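Below: the structure, in structure tokens.
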Amino acid sequence: MKRIGVFVCWCGTNIGGVVDVPQVAKAASSFPGVVLATDYKYMCSEPGQELIVQAIREHRLTRVVVAACTPRLHENTFRKTLERAGLNPYLLEIANIREQCAWAHQKQPGRATEKAISLVRRAVAKASRLEPLFASTIPVTRKALVIGGGIAGMQAALDIADAGHQVILVEREPTIGGKMAMLDKTFPTLDCSACICTPKMVAVAQHPSITLYTYAEVEKVEGYVGNFEVTIRQKARSVDHTKCTGCGTCWEKCPTRVPSEFEQGLGTRKAIYVSFPQAVPNKPVIDRRHCRYFAAGKCRVCEKVCPTGAIDYQQGDQLIKEKVGAIVMATGYDLFEWEKVYGEYGYGRYPNVITSLQFERLINASGPTGGKILRPSDGKEPQSVVFVKCVGSRDPAKGKEYCSRICCMYTAKHAHQVLEKLPGARVYVFYMDVRTAGKAYEEFYLRTLQDGAHYIRGRVSKIYPEGDRLIVRGVDTLLGRQVEVGADLVVLATAVVPSRGAAELARLVGISCDQNDFYTEAHPKLRPVEANTAGIFLAGACQGPKDIPDTVAQASAAAAKVCALFSREEMAAEPTVAQVNQFLCYGCLECQKVCPYRAIEPVTVSENAAGKKIERTVASVNSGLCQGCGACTVACKPGAINLKGFSNEQVLAEVDALCL
Amino acid sequence: MSLDSQWEPKIVGFCCNWCSYAGADLAGLNRLSYSPTVRIVRVPCSGRVNPAFIIRAFQRGADAVLVSGCHPGDCHYVSGNYHARRRFLVFKRLLEYVGFEGERLQVRWISGSEGAKFAQTVDELDRKIKALGPNKKMRQEPPGFSGVKDHEG
Amino acid sequence: MRETARQLLREREVGLVIGYAAGSEAYWVTPAFIKEEAQADRLVWNPFCVNSLAKYLINYHHEPYKVAVVVKGCDSRALVRLLQDNQVQREKVVVIGIPCLGVVDAKAAALKIAPGTRILGASVTDGEFLLQTESGTLSLPRGEALCAKCRYCENPTPVLADTLLAEEVAAEPAANIYAEVREVESWPREKRSAFWDGHFQRCLRCYACRNICPACTCRECVFDQTDPCWVAKAHNLSENTAFHLIRAMHVAGRCVDCGECERACPVNIPLRLLNQKVIKDIKELFGVSTPGSRLDEMPALGMFATEDPDEFN
Amino acid sequence: MSVRDFLLTREGLHSWLSRLARDYPLIAPVEEEKGVITFKQVGGPQEIVFDCAPSTLPPKEWFLPSTEELFAFSTAGGGITLQEPPGPKERVLFGLHPCDVRALLALDPVFGGTYPDPYYLGRRKATIIVALSCTKPGPYCFCPAVGGDPVVAAGADLLLTESGSSFAVKAMTSRGEEIIQRYPGHFAPDEEGRGERARQELAGQLAGMFAFLPDLRGVKEFLDGHFELPYWEEVASRCLGCGICTYTCPTCHCFDIFDQSWDGARGLRARCWDSCMFSQFTRMAGGHNPRPTQKERVRNRFLHKLKYHQDRYGLGGCVGCGRCVAKCPVNIDIRRIIGDLKELASHG
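So the protein lines, in turn, are chains A, B, C and D. With my numbering as the guide, the letters of the first sequence map in order to residues 841 to 1500. With my numbering as the guide, the letters of the second sequence map in order to residues 22 to 174. With my numbering as the guide, the letters of the third sequence map in order to residues 237 to 549. With my numbering as the guide, the letters of the fourth sequence map in order to residues 15 to 362.
If you want it as structure tokens, here you go:
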């Protein structure tokens, strides 16, 4: 017979102010197997835990029920308490009488007490069915994969590599650098973005512990924490980078011009190209979609001019397999496609309505205009520039509900830059709120105001052309009247959204996304850089909109997490995994089909059947791969496969107890 | 089992640890008040919920069962809720076919951030079941003195 | 058939032929396990060969020899499922397929054929089963005598066979295959409830439905387990209903609609009406075929599609 | 000696049954479902099926319920308290055929021997049995082959035999006489021996009506000397291992005992039918199974019917009702088994 102790927590007045705690303890004392039921003000406090330790020793308890807050909060705390008392930590069951009882039924204390007793009865029933569980260990491959070569990915890769571990960095564009490489200056210090970004790019390329795959995508991820096997697709560059010297003759001679992605469509590039002069690697790829040879079968100019014979039209995609122990997701962001929904702003038909990222290129010294602010329609200097914030952000009707967080600051920066570069120009900023939380941010904003930027609180309802100008109509909510502003250039601060393909990648890697497709962290407060799936970490804007310092901080944090994982050759695996009763298993392998982790394999067992030696196939669980979801347990008709910690026996006993 | 005004439904909830259980916690955290008739069994995933658990709940006197998991696409275990979805689409139809009121089995996708949806789901279910009255299908009385009857009784 | 069996045994192609032998009444057959050529004469094929023999193969899974089995179209679906579940190895089975024009419901035939009657020959026409007896020819009108499962047959010709013993029979479009299920669905809930309660109440828990079922191949069934106790041994409406519902879910996506459960039931519980409901729903919801009719289609409840219907939001 | 023979008109029978149904729980064959005839409590004669031969399920359910609650237990308040169920009320079981009455006689020593079973005996004692002679054998009946008599039901309290438009009634026990006395006006004394003549006449008519009567002579003696027979393997290869034959058999009586509780604190102990055909029937707690394959199980059942019961109680274990024959889904037919054994015996 199990000897169960029940410990009911008051949680100060959190529970005790609603639930009649002594009554719950009294009721629990009559449940089968319960030898002790007591209560205490704060069970999770040191004296509270000590009370449990003493009680375990004194009453020779073999199972412990703690009725307190949600197990998601203190299950681990109390497991350690059991361990201190010499009990297996998995002989604990928690009854959630705070979140799911006291707090939810504050207005019905009687019913809350009744429910608490029921929840404790459930916990006691489960506790009496608990078995000791033991963590197994799994080996750790000390090599990390970083997906995305923007500032987040570069920082994470450098930090991990500097700690002495191998890193594989995969970037789908032909160059690393990401969005930061496109920016002109960074707020609030106004230092040159390229000046701080390009050295990082070079450091990554030159780091002996970093293997860089650009123009490559992650195709498949198998395995589990410490033991991932990833397949990387190196897209065909059509240029043999071992031969290419990056001399540039090919892209000079290439006859095809296409809009440049790097220049946000404001400039052009060739069909064989490097994204920008400081690109890493500084060697070209052929854009097969636009290349004349690939499109029409004629041309081959680059081949003819290449001094090293590096052009290889036959080159195919290459699949590379790598074993890694951890994965850092650093896939960054894209801009919300405002052209698709904002008809009132012209659906992108007016050339002088641009995005802020286009503005970054316009004002950048290495950009299409050489750093001169010229409006795209006719190359004239604008005399009046209107910035519109929250285009797609904070707009549940047309865009996203969330705040994109960086727009207030970069718009202030842009306003400041216009006023600096175009003396006499007028700058208007339409805004909903100005949010400047960050070191020296508010100061920067105030400086921009002093510079002469006109901030108008209100949304823009319409932008329409009049002559060669645009009229921006909005409402000034502070003055309570409609305003119309003539503009030569309108810059939209469009929402930050996860980079294209982020959700598909999440599915492929095995992590979850929120409703906006940003990657979900394991805990919003306590585990902000870990994904729900063990061994996968998050860095930068893929987890949510972020500015550069926050991105770099998170990337370093993710790297630190990876290094912690890599600090040992083996790690302990959760023991709540599936287990096969081979006697019951009849080898249909339905379990294998539903397992998302490929943790189930058939094995052959020999046995005696009615005097004959036979061999038969049964399922077997790799406890390192198993994550304990239990899908297999329901697929298994005879109940041969069971889940430790959530076994069929335990759940049935819980149901029985809840219905009593 | 009495039909008088004192009767309160007995509802067993199966909530996945990662989304719905967290959603239920959040409801409490935000002090959203909902009916205390739902009692939750924590499971790792909605894909862990065996229809036999639900059958057992009805046998033991549950008036309704709520199964709740992550939204499709959001499963912590990648695909558990997709399997659950198939299974419960079929199972719910089967229950209705043999004469259960379909409302007595509720399957809902509730994320960890949908505390309000959890509370609302529980209250709606509670209201529906109160309107339907106690479940009689498959219901057993607790075995004990009252359970002993003469065979012909 | 006898010749095929003789040949297979003579050439030692197989060590056993599982077929049908005459039963103790004209309208019954009994499974026959023929190991010697000389015994092949015991084999019969007639419109009373209703039993599905495929499941017997499991008992010979570990024998060194190959086994030949006689299958009708519906039985071949069971065989496919057994292959998919790794319960039978394809290379160890010789499938003797019989394209089938429908079999006779023994309960209906028993009303027409006196006990002790001997059948000398049988033939099937469009409208009747004709039986030659010692006292002349007896006609069983198809409408009265045809097995319910044969009324809408999806696979008159086996979906899998090594040899076919007759010309292929084409399937007729079976639009009404689930008419009875739809009828029950259309009843008010109270009527459905009373209907099934009445039937489940009567269940003896003899487990004939399970034991004859080709989808039930567990080494130890959940209903025989005591820890955990999924369903109590007590025979009462609640436990009996639990038994039938859990069983229906266990064979969901795997039941091949052979109707053997309903035929075996000693107290006439319309089990096929229960299992067909699940088959119909799974087909409608997930766009699959009747289990076992395609070798490349695995059980629907072991798979999913992200675009599956959803009513749980 | 009092008169033991009476006559009862058809109308008289109906009015008597109506009275009985008012005074006692009256249990009789009813058609529960199309083609399924079982013994159920009835409200009056209109519900009763008179010409079933035999019923789908035997009446043993009324003596050995398929699930029987033995006692309730509770650990509330420390220690353990038990409560037994109340005993059954006196009831009338109407319409048993002679084979079913004979089956009860075969069960009596099982439950009334060294360790009397109060549950079975209590029900037996509380039951007044009114038997009905067969007027037509069922298609699979073979009671004469196992020493049965389709007309006279020894062991019943009253025996009714249909004769033309009326019924001959014979009080077989003093309890039967009491019942007749309790309902004066319904029964006319049969002073001319019409009943006896009717029974003899019926016996003569029935003699030739059995389709298949296996010859049991020498079979038991053969089985006494031949426990191991390859023949059982052949039978077992067909057997599904279901419980139909045992659950429809009027003399099979195996049961399993189990406890039911939701929390371990309160619950009840019950027994329910079990079948020697089930694979786990003889499995022991440690996992060993002395009857590991269906061969041993099939052999056990037929040896029980044809030998063991005879050895133990001097009574046949099979009463020839043919229910297992009617219901076996793979046509394992005890009549054929007997024939096959006989043939094996004659071939040595």
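Glycine included, each C-beta is placed from N, C-alpha and C at the ideal position. The structure displayed is predicted, hence computed values, not measured ones.
Name the residue from the options whose alpha carbon lies nearest to the alpha carbon of residue i.
i, options, result
"A:Gly1232", "A:Gly856, A:Glu1282, A:Ala1333", "A:Ala1333"
"A:Tyr1295", "A:Leu1318, A:Pro1305, A:Lys1279", "A:Leu1318"
"A:Ala868", "A:Lys881, A:His914, A:Ile957", "A:Ile957"
"C:Glu421", "C:Val514, C:Val324, C:Ala241, C:Val316", "C:Val514"
"C:Cys452", "C:Lys302, C:Leu315, C:Ala241", "C:Leu315"
"C:Ala470", "D:Pro73, D:Val50, D:Ser80, D:Ser177", "D:Ser80"
"D:Asp114", "D:Cys157, D:Ile62, D:Arg350, D:Ile258", "D:Cys157"
"A:Gly950", "A:Val1420, A:Glu971, A:His1047, A:Val864", "A:Val864"
"C:Cys449", "C:His486, C:Gln461, C:Gln437, C:Asp463", "C:His486"
"A:Ala1056", "A:Gln1006, A:Val1070, A:Ile896, A:Cys1139", "A:Val1070"
"C:Gly357", "C:Val280, C:Glu390, C:Pro506, C:Arg418", "C:Val280"
"A:Glu1430", "C:Leu521, C:Gly489, C:Asn511, C:Arg530", "C:Gly489"
"D:Gly152", "D:Phe85, D:Arg337, D:Ile271, D:Pro130", "D:Arg337"
"A:Ile1072", "A:Leu1159, A:Arg1245, A:Ala1480, A:Glu954", "A:Leu1159"
"D:Lys321", "D:Gly26, D:Phe125, D:Val63, D:Arg231", "D:Arg231"
"C:Val331", "C:Pro394, C:Cys501, C:Arg428", "C:Pro394"
"A:Arg919", "A:Gly1107, A:Ile892, A:Glu939, A:Arg897", "A:Ile892"
Name, please, each residue of chain A whose Cβ falls closer than 9 Å to the Cβ of residue i.
i, result
"D:Thr95", "Neighbours of D:Thr95 on chain A: none; closest Cβ ~15 Å, over 9 Å."
What is the residue span of the beta strand (DSSP E) that residue i lies within?
i, result
"A:Phe1227", "1224-1231"
"D:Phe108", "105-110"
"A:His1294", "1294-1297"
"A:Gly1326", "1321-1327"
"B:Gln127", "126-130"
List the residues of chain C whose Cβ lies closer than 7 Å to the Cβ of residue i, in chain order.
i, result
"B:Ser198", "Given a span of 22 to 174 for chain B in the structure shown, any question on residue 198 of chain B remains unanswerable."
Anything in chain D within Cβ reach of residue i, meaning under 8 Å, just list it in chain order.
i, result
"C:Asn504", "Glu47, Lys48, Gly49, Val50"
"A:Ala1497", "Trp276, Asp277"
"A:Pro872", "Thr89, Asp277, Gly278, Ala279"
Quick one: give me the first and last residue of the alpha helix (DSSP H) that residue i is part of.
i, result
"A:Arg919", "911-924"
"A:Phe792", "The first residue shown for chain A is 841 and the last is 1500, placing residue 792 of chain A beyond what the model contains."
"A:Thr853", "853-856"
"D:His323", "323-327"
"D:Asp37", "24-37"
Would residue i pass as a contact of residue j if the rule is Cβ separation under 9 Å?
i, j, result
"A:Tyr1064", "A:Ile978", "yes"
"A:Ser1463", "A:Pro1389", "no"
"A:Thr1457", "A:Gly1427", "yes"
"D:Cys335", "D:Cys259", "no"
"C:Leu481", "B:Pro155", "no"
"A:Cys1090", "A:Cys1139", "no"
"D:Lys48", "D:Thr265", "no"
Residues of chain D with CB closer than 7 Å to the CB of residue i, please, in chain order.
i, result
"A:Leu1500", "Trp276, Asp277"
"A:Ala868", "Under the 7 Å cutoff, chain D gives no residues; its nearest Cβ is about 13 Å from A:Ala868."
For residue i, go through chain A and note every residue whose CB falls closer than 8 Å to its CB, in chain order.
i, result
"C:Gln243", "Neighbours of C:Gln243 on chain A: none; closest Cβ ~29 Å, over 8 Å."
What residue ranges within the region 163-202 of chain D form continuous alpha helix (DSSP H) runs of no fewer than 4 residues, ordered along the chain? 188-196
Curious, which full-length beta strand (DSSP E) runs of at least 3 residues does the region 981-1056 of chain A contain? 983-987, 1006-1010, 1050-1053
Mind checking the region 336-349 of chain D against chain G and listing, in chain order, the residues whose C-beta falls within less than 8 Å of any C-beta there? Checking the listed chains, one finds no chain G in this structure; the protein chains it contains are A, B, C and D.
Every unbroken beta strand (DSSP E) within the region 208-290 of chain D, with a cutoff of 3 residues, ordered by chain: 269-275, 280-287
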